[in-house]
Each structure stands twice: as C-alpha cells, then as structure tokens.
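Which chain is which? The protein sequence lines are F and G, in order. The first sequence: position 112 = 112 (this note's numbering), numbered continuously. The number in this note's numbering is simply the position in the second sequence, starting from 1, with 1000 added. Think of the CB as a built atom: it goes at the ideal place given N, C-alpha and C, for glycine as much as any other residue. If you're wondering where the values come from, they're calculated on a predicted model, not measured in any experiment. Report on one structure; see the data block that follows.
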Amino acid sequence: MTLDADSKVLKTVPREKAFYFFTSIGNYTGSSASSLKEFMGRINEVNVKSLEFHLGRGDFEKWVAEVLQDQELTGEIKRLQKLNLTGNGLRDQLSFVVSRRVKRLTNQPTPSRY
Amino acid sequence: MRVKNNTVSLDATDMEILLALQKDCRETYAAVGKRLGIAHSTVRDRIRKMEQQGVIRNYTATVDAEKIGLRNITAMMTVYTDPKEAERVAEKLAALPEVLEAYTSLSEELLIIAKVSAASQEKLHEFIANSVAPLPGVSRIRTSIITKKFKETQFSIPDTSEKVHL
C-alpha cells in the first residue's frame, strides 16, 4: 500500500459514513466512529454485545472495505469472524488487529500480543 | 359553526354530520341529509365550511399493507436526543417516508417516539443505521418490532347517541 493510500485509510469520514454501534436490530448505543483511530478506541468502550452483533453480521469488514477501503484490515477481520469468538476474547482480538493496523499505518512499533 | 381563538365550535348538526362521515365518508349528501332530517344542500354547505376551516383534514383509504405484501415490519422507535436538537430531529424524521408517525415526548428526558415501517428487519436496521443514527443530536435509539397488532384507529369524536351495553 502506498503512503497516499495509507493516509486515505486514516482519514476522518463524514458523519453519514461513520460506523454506528448497535447491540441489535434498531438499537443504537450512542457510540460511533468517524475514523480508524476512533474505531480503535470505541472497540474498548462499547458493550461487547455490540461487537458480537456487528462481527456476526459482517458489518465491520463491510465498513472497513467500503468506507475506509483498507483491504488488509478487511482480510484480518474476516479471519477473526471465522473464529466465532465472543465476549472479551472477541474484544481483545479485534482490538489487537485494529491497533496493530493503526500502528503500521502510522509507522509506530507493532504492539506485542499480550 | 363559530371560530374563536383558532378553535372552531360546532353545533349539534355539524357533529352529526361528522359522525356520519367518520362511519362512511363515501355516503352521499342526500343520504346523510335524509338520516338527519335536513336538506342535502345543508349537508354539503356545512361539510364545505368544515373543510375550509380544517376541521375535516382529508378523506383517506386505510390500506392494510401486509395484505398486499408490502412493508411487513412495523416498529416503534424511541430516539433519545440532545434537548436542543429534539424538534429538528423530529422534523427530519417526519420527512422520511419510512416514518409513519412521529411525536416528541417528555418523560424522564426529552425523546422522540416514531412508528416506522420497512420491508424486512434488515431494511429496518439499514434505515435506522443510515438515516436516523447519523442525524445530529441523536444520542441513542431503542427499537421494538411489533409482533401483533391488537388495535389501530384514528381519533374519532364520541357518538353520545350510542348506548353502551355491558
């Protein structure tokens, strides 16, 4: 990925393209993310039910692919989806892959896995 | 019929005509007049006045959408908002075709209650995620999908001539 493409992944998107966290059909938690960095922070804050809901539906990979246009992270999230993780195990893994991606894009050292 | 402080006061004949229209708005002036013992021209004139004053807002057909296979999901959506934005959010919701009814309400906090309709649960979620959650001022949303309808009606003026038998 080029530097230009990397900066696109890290861009802040308009509110109509932000990610809105729901816990079930029609139940919006009040948390949203307008950028990958904001998304990384929200993963650690939102109700874990919201993470389970969106990962199961494929909403995270869809947003990362279509809005942020980051194919690498899309692939990582797809792999995570296949593991059928739940609860804080899911939160930890999702947080790990997203923060690792953010650090790579910002050229910071990769975090060690726990 | 008199108008005072933007309120229209109706006499007994006006009320009788409204009751007749509420039961069947396709009934002819002559049929209503015959039943009430007044001329059809009186019925026509009084209806026109009530239309002009906005007492009669419209004549509609109530369609059972499920019967024709349309919009088979109905839900009640509660939208919690920043109090300063509530009116604006309610107005924006009211302009959306998926929203059938929208109200503001003051309970413990200011909120908006809206009845919404969609073709499926997925379409309902898409609508809320793409068109409601992003509205400025929306802080959270609770949605209940309606599973069975026990009653649905419009406001109707009470018919005092009907006796209630228990």
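Taking a 10 Å sphere around the C-beta of F/SER50, we find 16 or more other C-beta atoms and assign the residue as buried. Residues of chain G with a Cβ closer than 7 Å to the Cβ of F/ASN27 are, in chain order, ILE1141, ARG1142 and THR1143. For F/GLU45, there is no enclosing beta strand (DSSP E), as DSSP marks it with neither H nor E. The beta-bridge partner set that DSSP reports for G/ASN1006 is empty. In this structure, the straight-line span from the alpha carbon of G/SER1117 to that of G/PHE1127 is close to 10 Å.
In the three-state scheme derived from DSSP, where H, G and I count as helix and E and B as strand, G/ALA1114 is classed as strand. Segment contact: the segment 1134-1152 of chain G against the segment 1079-1099 of chain G, three or more CB-CB distances shorter than 8 Å; contact assigned.
Collapsing the DSSP output to three states places G/GLU1108 in coil.
For F/SER24, same chain residues with a beta-carbon under 8 Å away, outside a window of 5 residues either side, are LYS49 and PHE53 in chain order. Across the set F/LEU94, F/ASP70, F/GLN69 and F/PRO14, the C-alpha of F/LEU94 shows the shortest separation from the C-alpha of F/GLN81. At a cut-off of 8 Å between beta-carbon atoms, G/PRO1097 makes no contact with chain F. From the listed residues G/VAL1099, G/LYS1149 and G/ILE1056, the smallest Cα separation to G/ALA1020 is found for G/ILE1056. Residue state for G/ARG1026 is assigned as coil, using DSSP reduced to three classes. Under DSSP, the beta-bridge partners assigned to G/ARG1140 are G/TYR1080.
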